[in-house]
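A quick write-up on the structure given underneath.
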Amino acid sequence: PVLDAEIGGAVSRNPYLGFKVKGPKAGDKVVVSWLDNKGDKNSAEATIG
Numbered sequence: 030p031v032l033d034a035e036i037g038g039a040v041s042r043n044p045y046l047g048f049k050v051k052g053p054k055a056g057d058k059v060v061v062s063w064l065d066n067k068g069d070k071n072s073a074e075a076t077i078g
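In this text, residue positions in the sequence shown follow the working numbering: the first is 30, and each later residue adds one.
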């Protein structure tokens with residue numbers, strides 16, 4: 030993983046996490062996946078512009 034975090038109860042309901050990744054070029058796809066504290070999984074995909 031590029032980013033791994035355990036966020037506790039004192040964090041905002043919808044926290045913003047930012048990070049930089051070296052290597053992707055225009056046209057590459059980046060996928061972000063997450064697992065919440067209730068066991069729900071989701072992901073989002075974006076193409077580098």
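Every residue, glycine too, gets a C-beta built ideally from N, C-alpha and C.
Close beta carbons around residue i, own chain, < 6 Å, minus the five adjacent residues each side
{"i": "residue 66", "result": "none"}
{"i": "residue 57", "result": "77"}
{"i": "residue 73", "result": "61"}
Length of the line joining the Cα atoms of residue i and residue j
{"i": "residue 54", "j": "residue 47", "result": "18 Å"}
{"i": "residue 39", "j": "residue 64", "result": "18 Å"}
{"i": "residue 68", "j": "residue 33", "result": "15 Å"}
Start and end residues, beta strand (DSSP E) containing residue i
{"i": "residue 64", "result": "58-64"}
{"i": "residue 72", "result": "70-76"}
Close-in-space but distant-in-sequence residues of the same chain around residue i (CB under 8 Å, 5 per side omitted)
{"i": "residue 79", "result": "Not covered by the structure: residue 79. The range shown for the chain is 30 to 78."}
Nearest to residue i (by Cα), restricted to the options the options
{"i": "residue 30", "options": "69, 75, 49", "result": "49"}
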